[in-house]
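All remarks here apply to the structure that follows.
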Amino acid sequence: RKEVEQDPGPFNVPEGATVAFNCTYSNSASQSFFWYRQDCRKEPKLLMSVYSSGNEDGRFTAQLNRASQYISLLIRDSKLSDSATYLCVVNTGFQKLVFGTGTRLLVSP
Amino acid sequence: SAVISQKPSRDICQRGTSLTIQCQVDSQVTMMFWYRQQPGQSLTLIATANQGSEATYESGFVIDKFPISRPNLTFSTLTVSNLSPEDSSIYLCSVPGGGGNSPLHFGNGTRLTVT
Numbered sequence: 227r228k229e230v231e232q233d234p235g236p237f238n239v240p241e242g243a244t245v246a247f248n249c250t251y252s253n254s255a256s257q258s259f260f261w262y263r264q265d266c267r268k269e270p271k272l273l274m275s276v277y278s279s280g281n282e283d284g285r286f287t288a289q290l291n292r293a294s295q296y297i298s299l300l301i302r303d304s305k306l307s308d309s310a311t312y313l314c315v316v317n318t319g320f321q322k323l324v325f326g327t328g329t330r331l332l333v334s335p
Numbered sequence: 043s044a045v046i047s048q049k050p051s052r053d054i055c056q057r058g059t060s061l062t063i064q065c066q067v068d069s070q071v072t073m074m075f076w077y078r079q080q081p082g083q084s085l086t087l088i089a090t091a092n093q094g095s096e097a098t099y100e101s102g103f104v105i106d107k108f109p110i111s112r113p114n115l116t117f118s119t120l121t122v123s124n125l126s127p128e129d130s131s132i133y134l135c136s137v138p139g140g141g142g143n144s145p146l147h148f149g150n151g152t153r154l155t156v157t
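Chains A and B supply the protein sequences, listed in that same order.
In terms of the numbering used here, the first sequence opens at residue 227 and continues consecutively.
In terms of the numbering used here, the second sequence opens at residue 43 and continues consecutively.
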């Protein structure tokens, strides 16, 4: 079983749609969680951290379920510029980050 | 967050040669990390570059193939030795944002193609 698993997609959605990505992780001792965004041929960039209580940043909402070892990202009112690959990332300790393979999102007009 | 400068941004190398990638950070950081992203894959940690001591390598990566230098707290190099086409990847250096469980910030990456 992979340490971090994501549906690779692609998710094809129209502008304005709401889309949700899920991620599961295997290491129950994992300490912190993040969503990164990676555009084609670019480095990954931090989108948001994920907190146990859930957190929101504008159109983006992240949630963590430690009992189920599950992380989600919700994007509301999708924009064309949201098209990218979204990486689920888990810190298993000592700054060791494990990356999922990413979920590709394509937002169309 | 720290500004990370990585170079070269891309290179095309012949098999059997080596490529050294440089990573410069605008502030002192204790830990620097080197990742590899193979085509269509996610990021895999190669090693942690420690200042004043040998790098710590992850399973599947060895010093002979990926020698790392860390002469000070703002600079590191990764060399990919004896190149083969399988080494064609993006190589990224990264530093922590701050704090024990902080996210990482990445340099712009080096796209290596081995012919």
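Think of the CB as a built atom: it goes at the ideal place given N, C-alpha and C, for glycine as much as any other residue.
Quiz item: So which of Ser278(A), Tyr251(A) and Gln264(A) has the shortest CA-CA distance to Leu332(A)?
Solution: For the purposes of this step, residue 332(A) is taken as residue 106 along the first sequence, with counting starting at 1. When each option's Cα is compared against that of Leu332(A), the closest is Gln264(A).
Quiz item: Closer than 7 Å, CB to CB, is Met73(B) near chain C or not?
Solution: Among the chains of the structure shown, chain C does not appear; the protein chains present are A and B.
Quiz prompt | CA-to-CA distance, Ser256(A) to Gln80(B), given in whole angstroms | solution = Taking the first residue of the second sequence as 1, we reach residue 80(B) at position 38. Taking the first residue of the first sequence as 1, we reach residue 256(A) at position 30. Note on geometry: alpha-carbon atoms of Gln80(B) and Ser256(A) lie some 25 Å from one another.
Quiz item: For the 8 Å Cβ check, are there 3 or more pairs between the region 235-244 of chain A and the region 301-318 of chain A?
Solution: Yes: the two stretches touch, three or more of their Cβ pairs being nearer than 8 Å.
Quiz prompt | Beta carbon of Ser298(A) nearer than 7 Å to that of Asn248(A) | solution = Taking the first residue of the first sequence as 1, we reach residue 298(A) at position 72. Taking the first residue of the first sequence as 1, we reach residue 248(A) at position 22. For Ser298(A) and Asn248(A), yes; Cβs fall inside 7 Å.
Quiz item: Expressed to the nearest angstrom, what Euclidean distance is found between the alpha-carbon atoms of Ser126(B) and Ala89(B)?
Solution: Position 84 of the second sequence, counting from 1, holds the residue named residue 126(B). Position 47 of the second sequence, counting from 1, holds the residue named residue 89(B). Between Ser126(B) and Ala89(B), the C-alpha separation is close to 20 Å.
Self-check item: Buried/exposed call for Arg78(B), threshold 16 Cβ in 10 Å
Solution: Translated into positions along the second sequence, residue 78(B) becomes position 36. Buried.
Quiz prompt | N- and C-terminal bounds of the beta strand (DSSP E) containing Tyr251(A) | solution = Taking the first residue of the first sequence as position 1, residue 251(A) is located at position 25. Here the beta strand (DSSP E) through Tyr251(A) covers Val245 to Tyr251.
Exercise. In the DSSP assignment, find the unbroken beta strand (DSSP E) run with Glu231(A) in it and report its ends.
Key: The residue you call residue 231(A) lines up with position 5 of the first sequence. Here the beta strand (DSSP E) through Glu231(A) covers Val230 to Gln232.
Quiz item: Interface residues of chain B around Leu331(A) at Cβ under 8 Å?
Solution: Against the first sequence, residue 331(A) aligns to sequence position 105. Simply none; closest approach about 15 Å.
Quiz prompt | Arg52(B) versus Arg267(A): straight-line alpha-carbon distance, rounded | solution = The residue you call residue 52(B) lines up with position 10 of the second sequence. The residue you call residue 267(A) lines up with position 41 of the first sequence. Cα to Cα, Arg52(B) sits roughly 11 Å from Arg267(A).
Quiz item: Since Glu269(A) meets chain B, which of its residues come closer than 7 Å, beta carbon to beta carbon?
Solution: The residue given as residue 269(A) occupies position 43 in the first sequence. Under the 7 Å cutoff, chain B gives Leu134, Phe148, Gly149, Asn150 and Gly151.
Self-check item: Span of the beta strand (DSSP E) around Ala91(B)
Solution: Locating residue 91(B) in the second sequence gives position 49, where the first residue counts as 1. Unbroken beta strand (DSSP E) run through Ala91(B): Leu85 to Asn92.
Quiz item: In three-state terms, what does DSSP make of Asp129(B)?
Solution: What you label residue 129(B) is simply residue 87 of the second sequence in a count that begins at 1. DSSP places Asp129(B) in helix when its eight states are reduced to three.
Practice problem: Could you give the DSSP three-state label for Asp308(A): helix, strand or coil? | Solution: Within the first sequence, residue 308(A) is the residue found at index 82, counting from 1. DSSP places Asp308(A) in helix when its eight states are reduced to three.
Exercise. Would you mind giving the Cβ-Cβ distance between Ser334(A) and Pro145(B), rounded to the nearest angstrom? I have them listed as a contact below 8 Å.
Key: Residue 334(A) sits at position 108 when you count from the first residue of the first sequence. Residue 145(B) sits at position 103 when you count from the first residue of the second sequence. Incorrect: roughly 30 Å between the Cβ atoms, too far for contact.
Quiz prompt | Chain-ordered neighbours of Lys322(A) on chain B, where CB pairs are closer than 8 Å | solution = Looking up residue 322(A) in the first sequence gives position 96. In chain order: Leu87.
Quiz item: Mapping DSSP to helix, strand and coil, what is Val239(A)?
Solution: Looking up residue 239(A) in the first sequence gives position 13. Val239(A) falls in the strand class under three-state DSSP.
Self-check item: Contact check, Thr311(A) vs Arg330(A), beta carbons under 7 Å
Solution: The residue you call residue 311(A) lines up with position 85 of the first sequence. The residue you call residue 330(A) lines up with position 104 of the first sequence. Yes, Cβ-Cβ distance for Thr311(A) and Arg330(A) is below 7 Å.
Practice problem: List the DSSP bridge partners of Phe320(A). | Solution: Position 94 of the first sequence, counting from 1, holds the residue named residue 320(A). Answer is none; Phe320(A) lacks a bridge partner.
Quiz item: Are the CB atoms of Pro234(A) and Thr327(A) nearer to each other than 7 Å?
Solution: Residue 234(A) sits at position 8 when you count from the first residue of the first sequence. Residue 327(A) sits at position 101 when you count from the first residue of the first sequence. In contact: Pro234(A) and Thr327(A) (Cβ atoms closer than 7 Å).
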